[in-house]
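Q: In full-length UniProt numbering, the protein residues as written are 1 to 64. From the three backbone atoms N, C-alpha and C, an ideal C-beta is built for every residue, glycine too. All values derive from a computational prediction rather than experimental measurement.
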């Protein structure tokens with residue numbers, strides 16, 4: 001069984017990584033692939049991670 005996502009570490013650390021995920025089957029997003037960058041601050045989990053899309057997306061609640 002194939003996973004619906006892939007995680008790729010950045011700079012051999014554990015605080016920065018990419019997550020690539022596929023749109024769910026039987027949905028309007030099927031066939032789509034999205035990639036986000038996640039940065040965990042030193043104070044994580046007491047401080048929120050920074051998350052941003054690498055590829056362009058069109059959504060009213062996402063500006064970058």
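Among the candidates 49, 28 and 59, whose CA atom is the shortest distance from the CA of residue 16?
A: Position 16 of the chain shown, counting from 1, holds the residue named residue 16. Considering only alpha carbons, the answer is 49.
Q: Determine the DSSP secondary structure at residue 56, reduced to helix, strand or coil.
A: Taking the chain shown and counting its residues from 1, one reaches residue 56 at position 56. Residue 56 falls in the coil class under three-state DSSP.
Q: Using a Cβ distance threshold of 8 Å, determine whether the segment 22–30 contacts the segment 42–62, with at least three qualifying pairs required.
A: Too few Cβ pairs lie closer than 8 Å, so no.
Q: Return the residue from the list 8, 19, 5 and 4 that minimises the CA-CA distance to residue 36.
A: Numbered from its first residue, the chain shown carries residue 36 at position 36. Out of 8, 19, 5 and 4, 19 has the C-alpha closest to the C-alpha of residue 36.
Q: Which of helix, strand or coil does DSSP assign to residue 25?
A: Here residue 25 refers to the residue found at position 25 of the chain shown. Three-state DSSP puts residue 25 in coil, outside helix and strand.
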